[in-house]
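Below is one structure, written out as structure tokens, with a few remarks after it.
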Amino acid sequence: MDETRLFDLSSGETAIIKHLAGGQRFQRRMAALGIRVGKTVRQITSQPLRGPIVIEIDRSLIAVGQGMAEKIVVEAIEPIKKIDE
-8 MDETRLFDLS SGETAIIKHL AGGQRFQRRM AALGIRVGKT VRQITSQPLR
42 GPIVIEIDRS LIAVGQGMAE KIVVEAIEPI KKIDE
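Rendered as structure tokens:
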């Protein structure tokens, strides 16, 4: 799978956080929110006109600005396909 930004995920898409592309202040802020490398994240919704993106991490909903979402590098997880019986 290819790496992309959290900003580019579609609603409902799940990914693993691979890298936080910001300075120390950004890194500390993300850690305080529970957004860490290796965590699984699911995008719930994104708002138009540069509004916040709502994500789910560890069963908690968190709203992050689109600027922050552009600095969170993720790898999308392919959805599990159901086998037709």
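In the numbering used here, the protein residues as written are -8 to 76.
The beta-carbon is built from N, C-alpha and C at its ideal position, and this holds for glycine as well.
The structure displayed is predicted, hence computed values, not measured ones.
In chain order, what residues of the same chain lie with their CB nearer than 6 Å to the CB of residue i, ignoring the 5 residues before and after it?
| i | result |
| --- | --- |
| residue 30 | 8, 48 |
| residue 54 | 43, 45 |
| residue 41 | 57 |
CA-CA distance, residue i and residue j?
| i | j | result |
| --- | --- | --- |
| residue 34 | residue 23 | 19 Å |
| residue 21 | residue 32 | 13 Å |
Ordered along the chain, which non-local residues of its own chain (more than five positions away) have a Cβ less than 7 Å from that of residue i?
| i | result |
| --- | --- |
| residue 10 | 28, 64 |
Cβ of residue i within 8 Å of Cβ of residue j?
| i | j | result |
| --- | --- | --- |
| residue 67 | residue -4 | no |
| residue 25 | residue 62 | no |
On the three-state DSSP scale, how would you describe residue i?
| i | result |
| --- | --- |
| residue 16 | helix |
| residue 57 | helix |
In the DSSP assignment, what residue or residues form a beta bridge with residue i?
| i | result |
| --- | --- |
| residue 38 | BP columns for residue 38 are empty, so no partner. |
| residue 2 | Answer by DSSP bridge pairing: none, since residue 2 is not bridged. |
| residue 8 | 65 |
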